[in-house]
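Have a look at the structure below before the remarks.
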Amino acid sequence: MNIHSSPEFSSADQRRMFSLLPTSVVAITGVTVDQKPMGFVVGTFQSLSLEPPLVTFNVDRSSSTWPVLRNAGRFTANILANDQIAVSKALGRKGDEKFVGLEHRESTIGTPHIGGCVAWIDCEVLSEIVAGDHFVVVASIHSMLPGRGSPMVFSEGRLGAFADLPAPNATSEGQAPATLFVDRLIDAWSRAWGQGETVAFENIAAATYVRYSRDGKQVRLPDMLRQIEESHSAFSDFRVSVNHTVAEGDMIAIEWRTVAKHTGSFMGVPPTQRDVVVSGASFLRHKDGRILEEWVAWDPRDLLASMRIWHLGN
Ligand SMILES: Cc1cc2nc3c(=O)[nH]c(=O)nc-3n(C[C@H](O)[C@H](O)[C@H](O)COP(=O)(O)O)c2cc1C
């Protein structure tokens, strides 16, 4: 086909063809001159440049919201989580009252951060290109904030969630071999406990996750994330290792060890600046790439002993 001739396909054909290409679902939000929140959904938000940090998205020239946000010069890209269908529906259509009932708070640049997103990227509008019936917007990143959950995906006209592919030698249930999950688990474990990235743990745990201790205590996901955060405010310079792993069926056993410096108040004990060592074993039951339950065996007295708060005797 001569590229200068008129296309042999319709807009509907093009739309249908490109619906085969999955996209993210991102709410672009900002405020009017009288501080009223506005927003719309795009499937075209992307990272564009690292040096300097730039992003891009495409918006229809018929959008009534974009001229207002362009005028304000700033917006937030709210990366929607796969449980935010209501947000996508509210902002992905035309209308005046899109924000009614939508929980949001103000960012440091004065734009709305919609509650419950995977991440918020605050941006300043840099330039725009007119490309057919769309504008290609280029913006610089002012700041980025991680949230919770896993991103929503838009594919073939449907909103959904990402799922790992079963590997070629998957079991008859179609589950990826446990070894693949072990790699993801160790990575998430090291990032969560080692760097305090609670979102890494959240991304690999089911919403119904429960951790059982030897004393029968049960800790659910929000408390588990809080425990990780608390340990990172009391200790620093974390070195986390997973020394042994055994995977069998839907169970994984890991033997882990963490070394950190006690630099903040912990259980009422002021910072001792001592290196503490904690080690233990966790038995994890998983399904569909998420940890459902964890049975942990570790001795908190090891921690107190290495802080030299509690001596275990000779
Ligand atoms: C999943 C999804 C992806 C979308 N992607 C885009 C996009 O990339 N560009 C765009 O202009 N509109 C996109 N839309 C449609 C706009 O969100 C919608 O038309 C918008 O609310 C325009 O309304 P406005 O005139 O109030 O700005 C998308 C909608 C959905 C649900």
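Per our numbering, residue 585 is the first one in the sequence shown, and the count goes up by one each step.
Built from N, CA and C at the ideal position, the CB exists for glycine as well.
Cut-off 8 Å between Cβ atoms - residues of its own chain near residue i, not counting five sequence neighbours on either side
i           : result
residue 690 : 696, 697
residue 811 : 803
residue 600 : none
residue 669 : 736, 743
residue 627 : 607, 608, 609, 610, 738
residue 647 : 624
Residue i Cβ short of 7 Å to ligand 1 heavy atom set
i           : result
residue 676 : yes
residue 642 : yes
residue 739 : no
residue 716 : no
residue 683 : no
residue 800 : no
residue 672 : yes
residue 773 : no
residue 624 : yes
residue 782 : no
residue 609 : yes
Same chain, Cβ closer than 6 Å to residue i, neighbours up to 5 away in sequence not counted
i           : result
residue 652 : 616, 622
residue 798 : 881
residue 825 : 841
residue 741 : 603
residue 892 : none
residue 878 : 795, 866, 868
residue 720 : 642, 713
Cβ shell of residue i (< 7 Å), same chain only, five flanking positions each side left out
i           : result
residue 817 : 848
residue 705 : 639, 660, 661, 725, 728
residue 682 : 623, 674, 675
residue 663 : 608, 610, 701, 702, 703, 735
residue 766 : 829, 831, 836
residue 784 : 772, 775, 776
Integer-rounded CB distance, given that residue j should sit under 8 Å from residue i
i           : j           : result
residue 686 : residue 671 : 6 Å
residue 658 : residue 693 : 5 Å
residue 902 : residue 772 : Only positions 585 to 898 of the chain appear in the structure, and residue 902 is not among them; the question remains open.
residue 901 : residue 821 : Outside the displayed range of the chain (585 to 898) lies residue 901, so it cannot be described from this structure.
residue 745 : residue 666 : 4 Å
residue 782 : residue 876 : Contact flag wrong, Cβ pair sits at about 18 Å.
Are there three or more Cβ pairs, one per stretch, closer than 8 Å when the stretch 706-721 is compared with the stretch 731-745?
The stretch 706-721, when compared against the stretch 731-745, does not touch it at the 8 Å Cβ threshold.
Within the stretch 607-677, note down every full alpha helix (DSSP H) run reaching 4 residues or more, in order along the chain.
As far as the stretch 607-677 is concerned, its whole alpha helix (DSSP H) runs of at least 4 residues are 650-656, 669-675.
Which ranges would you report for the beta strand (DSSP E) in the stretch 823-854 if only whole runs of at least 3 residues count?
835-846, all fully within the stretch 823-854.
Assess contact between the stretch 861-876 and the stretch 821-839, defined as three or more Cβ pairs (one per stretch) separated by less than 8 Å. Is contact present?
Result yes; three or more Cβ-Cβ pairs closer than 8 Å.
Start-end ranges of the alpha helix (DSSP H) lying completely within the stretch 705-774, minimum 4 residues:
762-773, all fully within the stretch 705-774.
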